[in-house]
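One structure below.
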Amino acid sequence: MTRLMVAVCAALSLAGCARVTTGDAAAPSDVRPWSAEEQIRDLVVAFEGAWNTGDYAGLRQMMCAELLAQDVFSDEELADARAEGTLDLTIVELKIDDLSARSIIENHGEDADEIAFVQEEGEWKWCEY
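The sequence shown lines up with residues -20 to -1, 1 to 109 when you count with mature numbering (1 follows the signal peptide of the UniProt record, and there is no 0).
Quick look at the structure:
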């Protein structure tokens, strides 16, 4: 009887492993990319999108504490800066050093600027304006 129970349990376990599911598998939306480089690249894309759509609250969430402490990022001040045009950012160079990074970023294929990033509480933040 014991051998029969073991055989039934084994058969049920194997049947559960052979199940087929349909559909697309995807990571949850709040899962961050693995590498620091991917996270910074995603941050640059998000920063560009927030700038171009006038999402100033979103922009401030992407900025580091040091940058926010300058207290020059009100909606009005950002809207004035935004009036100069949209962003189309391309990372030309990116160097990561533990919890900080420096990059060269072009806007619309020109006007290369050096931009700093820092990691705060596990998230990369834009730290230069």
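Think of the CB as a built atom: it goes at the ideal place given N, C-alpha and C, for glycine as much as any other residue. Here the structure is a predicted model, which is why all the values come from computation and not from measurement.
Reduced DSSP category for aspartate 77 - H, G, I as helix; E, B as strand; rest coil:
Translated into the one-based positions of the sequence shown, residue 77 becomes position 97. Correct three-state label for aspartate 77: strand.
Measuring alpha carbon to alpha carbon, tell me which of Ala92, Gly34, Ile76 ends up nearest glutamate 56.
As a working mapping, residue 56 is identified with position 76 in the sequence shown. The candidate whose alpha carbon is nearest that of glutamate 56 is Gly34.
Contiguous alpha helix (DSSP H) assignments of at least 4 residues, all confined to the segment 44 to 78:
45 to 48, 55 to 62
Around the Cβ of lysine 105, are there at least 16 other Cβ atoms within 10 angstroms (buried) or fewer (exposed)?
Position 125 of the sequence shown, counted from the start, is the residue given in the question as residue 105. Per the 10 Å Cβ criterion, buried.
Going by the beta-carbon positions, is the gap between alanine 81 and alanine 16 smaller than 8 Å?
Here residue 81 corresponds to residue number 101 of the sequence shown, with the count starting at 1. Here residue 16 corresponds to residue number 36 of the sequence shown, with the count starting at 1. Yes, Cβ-Cβ distance for alanine 81 and alanine 16 is below 8 Å.
In the DSSP assignment, what are the bridge partners of aspartate 98?
As a position in the sequence shown, residue 98 is number 118, starting the count at 1. As written in the sequence, residue 98 is valine, which differs from the aspartate given in the question. DSSP output for valine 98 lists Ser80, Lys105 as bridge partner(s).
Determine the extent of the alpha helix (DSSP H) in which tryptophan 31 is found, giving its start and end residues.
Residue numbering aside, residue 31 sits at position 51 when the sequence shown is read from its first letter. Run containing tryptophan 31: 16 to 33, per the alpha helix (DSSP H) assignment.
Between the Cα of glutamate 90 and the Cα atoms of Leu23, Glu100, Val72, which residue gives the shortest distance?
Locating residue 90 in the sequence shown gives position 110, where the first residue counts as 1. The residue with the shortest Cα to Cα distance from glutamate 90 is Val72.
Collapsed DSSP secondary structure at glycine 89 in the structure displayed
If you number the sequence shown from 1, residue 89 lands on position 109. When DSSP states are grouped into helix, strand and coil, glycine 89 belongs to the coil group.
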